[in-house]
Amino acid sequence: MPWYKAGTVKTTNNSNAIIGTGTAFIANARTGDAFRGPDGAWYEVTNIASDTALSISPNYQGPTVAAGGYALAPMQGYVKDLADQVRAIVQQWGATLAGLGPLSSVSIAPIANGGTGSNSAPGARTALGLGTAATANLTSSPDDYGKGKVLQVGALGWNGGNSLSMAASGDANLLGISGIYLYSNGGQNVPAGVFPHVRLTTAAPGYQTQEAISSSPNPRYMMRNQYGGSFSPWVEFYHSGNTTRAADGTLKAI
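Heads up: the sequence shown begins at 19 in this note's numbering, then just goes up one per residue.
In structure tokens, the structure reads:
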């Protein structure tokens, strides 16, 4: 670190007062630094009153000089440099640091101070009142039914989604996930000629109900159950659109 020599100083014999002209003692000197006066002797800086006034010890031994050359040697080296940097930080960020309040003395920031209340992800979720959905992934497509995922709106044909389109080789016996499926190109083990939407609800593996609903202008409705792994035949429901009522009250298919 270079010595500070800007400006001139006035020294008075047997006085400890050094008066500067064109000097900036506050930013460039520290108590404990060495002062070399116009007399060439060394003194210790004992106080810095302003940019133009400091005190030395012992009292100045040389003759009185109105405007003499001098030098300030930093005896504390990097300690002074560090002090300057800390002072600059405090001047720039002091108000912000003070505004942190209790955060400045705790290792875990509480929720009330904008923190998470924990130093771990599970603890933070608990403190914030988040449930298991906080770590679950969303389904990536309408037919994504990965275990533990959160269903998006319309997944598997529910809640406004389109029915899941099945290939002509699709087998209704192999459906195992509740949803709404569309067999527009035929399929295996679906009612022939109906081209239905199949709505599946599952109670447990091997136990389900399938409902086949035609998408043709003439509505048809059929259903079957799977019980203990075995499927019942498809049965059709008759309604006012595909039956007539005789005078005696009996129904006849159209």
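Idealized CB from N, CA, C, for every residue including glycine.
Notebook entry, point to check: Between the Cα of S181 and the Cα atoms of N243, H215 and G194, which residue gives the shortest distance?
Noted result: H215
Notebook entry, point to check: Residues in its own chain within less than 6 Å of M241 by CB, not counting five upstream and five downstream?
Noted result: E229
Item checked: Euclidean distance between Cα positions of V168 and V253 -> 35 Å
Checklist line | Rounded distance between the beta-carbons of V63 and I74, thought under 8 Å | finding: 6 Å
Margin query: Going by beta-carbon coordinates alone, are G259 and N236 separated by less than 8 Å?
Written below: yes
Next item on the list: State yes or no: is the C-beta of G80 within less than 8 Å of the C-beta of N31?
Entry: yes
Checklist line | Helix, strand or coil at L200 according to DSSP, with G and I counted as helix | finding: strand
Next item on the list: Report buried or exposed for G15, applying the criterion of at least 16 other Cβ atoms within 10 angstroms of its Cβ.
Entry: Past the edges of the chain, shown from 19 to 272, lies residue 15, and the structure says nothing about it.
Item checked: Which residues DSSP lists as bridging K28, in chain order -> I37
Margin query: Strictly by DSSP, which residues pair up with A85?
Written below: Partner(s): none; A85 has no beta bridge.
Next item on the list: With DSSP collapsed to three states, give me the class of T268.
Entry: coil
Checklist line | Opposing strand residues paired with T153 [DSSP bridges] | finding: BP columns for T153 are empty, so no partner.
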